[in-house]
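Protein chains in written order, with this note's numbering: chain A, 122 to 336; chain B, 8 to 17.
All residues carry an ideal CB built from backbone N, CA and C; glycine is no exception.
For clarity, every value in this text was computed on a predicted model and none was experimentally measured.
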């Protein structure tokens, strides 16, 4: 564990807590893409298949349970909670994400570290996470103004993988046999997808204005 | 201990 990875995990945890806060405090999920939440639930379920088979550390196990639990809870909330579900922007959240799921799974069948069930699903989760934010970014552009908590949620979600890139650089420099090309390349693509959001987020923060994404 | 190729990251 290094400071970059810890910062990344904490930032990721904060993004989840901000989203939970928004939904429970405002009893609303307006501006949140259910499709991105469902993609993230798939990412965690596919990535943490080793949850019960490989014990790495208490921290690792606890965080995996937190991420799986929170993503499923948010999907459940947005689909079935009788108050929250009413504020879901159903007509704006129309990204056909099964194309992304199919493409990522196909890529994982071709490009993986080892051809085993667990490794293919792990590579699938890495590729899927890189594009999981797309429905959310499309929804933000369509819904115009973005409320603060939603903007902060997306910001922390994007920042966490940037910390992971620093972690991979650090591990590459300090650990002799460390190579994680699948994670690194996907992590770079994932962070790059946030580039324009980070730009408009910075502008809104600098001008102390509402976050506006151009349509 | 797990080799470093293990998935020790989240």
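So, is the C-beta of residue 236 of chain A closer than 8 Å to a C-beta in chain B?
The beta-carbon of residue 236 of chain A is placed no less than 8 Å from the nearest beta-carbon of chain B.
Sub-8 Å separation of residue 271 of chain A and residue 190 of chain A beta-carbons
Taking 8 Å as the Cβ cut-off, residue 271 of chain A and residue 190 of chain A do not qualify as a contacting pair.
Examine the Cβ distances between the stretch 277–290 of chain A and the stretch 307–316 of chain A and report whether three or more of them are shorter than 8 Å.
The way I'd put it, the stretch 277–290 of chain A does touch the stretch 307–316 of chain A; three or more beta-carbon pairs between them come closer than 8 Å.
My assumption, with CB atoms under 8 Å, is that residue 201 of chain A sits in contact with residue 155 of chain A. Please give the rounded CB distance.
With 8 Å as the limit, residue 201 of chain A and residue 155 of chain A do not qualify as a contact, their Cβ atoms being about 11 Å apart.
Return yes when the Cβ of residue 248 of chain A is within less than 8 Å of the Cβ of residue 304 of chain A, no when it is not.
No, the pair does not count as a contact, with Cβ atoms beyond the cut-off.
According to DSSP, is residue 328 of chain A helix, strand or coil?
In this structure, residue 328 of chain A counts as coil in the three-state DSSP scheme.
Please report the straight-line C-alpha distance between residue 206 of chain A and residue 299 of chain A, rounded to a whole angstrom.
Between residue 206 of chain A and residue 299 of chain A, the C-alpha separation is close to 44 Å.
Roughly how many angstroms lie between the CA atoms of residue 198 of chain A and residue 149 of chain A, to the nearest whole one?
When rounded, the distance between both Cα atoms is 10 Å.
Thinking C-alpha only, which one of A:175, A:203, A:211, A:165 is nearest residue 356 of chain A?
The requested residue 356 of chain A is not part of the displayed model; chain A covers only 122 to 336.
On the DSSP letters alone, give me the boundaries of the alpha helix (DSSP H) that residue 233 of chain A sits inside.
Premise fails: residue 233 of chain A is in no alpha helix (DSSP H) and is neither H nor E.
Beta carbons nearer than 9 Å to chain B: which residues of the stretch 182–208 of chain A have them?
Going along the stretch 182–208 of chain A in chain order, one finds 184, 185, 188 with a Cβ nearer than 9 Å to chain B.
Keeping to the same chain, check which residues put their C-beta closer than 6 Å to that of residue 245 of chain A; ignore five residues upstream and five downstream.
Closer than 6 Å at the Cβ level, and outside the excluded window around residue 245 of chain A, lie 167, 225, 226, 229.
Starting from the beta carbon of residue 126 of chain A, find every residue of chain B whose beta carbon is closer than 9 Å, and list them in chain order.
Chain-ordered, the chain B residues with CB closer than 9 Å to the CB of residue 126 of chain A read 16, 17.
Neighbourhood of residue 195 of chain A by C-beta, 6 Å cutoff - its chain only, sequence neighbours within 5 removed:
For residue 195 of chain A, where only same-chain residues beyond five positions count, the Cβ hits under 6 Å are 158.
Exposed or buried, residue 223 of chain A, counting other C-beta atoms within 10 Å across all chains shown (16 or more means buried)?
Result: exposed.
Are any of the Cβ atoms in chain E nearer than 8 Å to that of residue 167 of chain A?
Absence of chain E from the displayed structure is noted, the protein chains being A and B.
Where residue 196 of chain A falls: helix, strand or coil (DSSP):
In the three-state reduction of the DSSP assignment, residue 196 of chain A falls in the helix class, which pools H, G and I.
Alpha carbon of residue 332 of chain A to alpha carbon of residue 322 of chain A, nearest angstrom
About 6 Å.
Measuring straight from C-alpha to C-alpha, what distance separates residue 266 of chain A and residue 274 of chain A?
The straight-line gap from Cα to Cα measures roughly 15 Å.
Got a sec: is the Cβ-Cβ distance from residue 243 of chain A to anything in chain B below 8 Å?
Among the residues facing chain B, residue 243 of chain A is included, as its CB has a counterpart in that chain under 8 Å away.
Sorted by chain position, which residues of the same chain lie with C-beta nearer than 8 Å to residue 172 of chain A's C-beta, five sequence neighbours on each side aside?
Same-chain partners within the cutoff: 182, 185, 186, 189.
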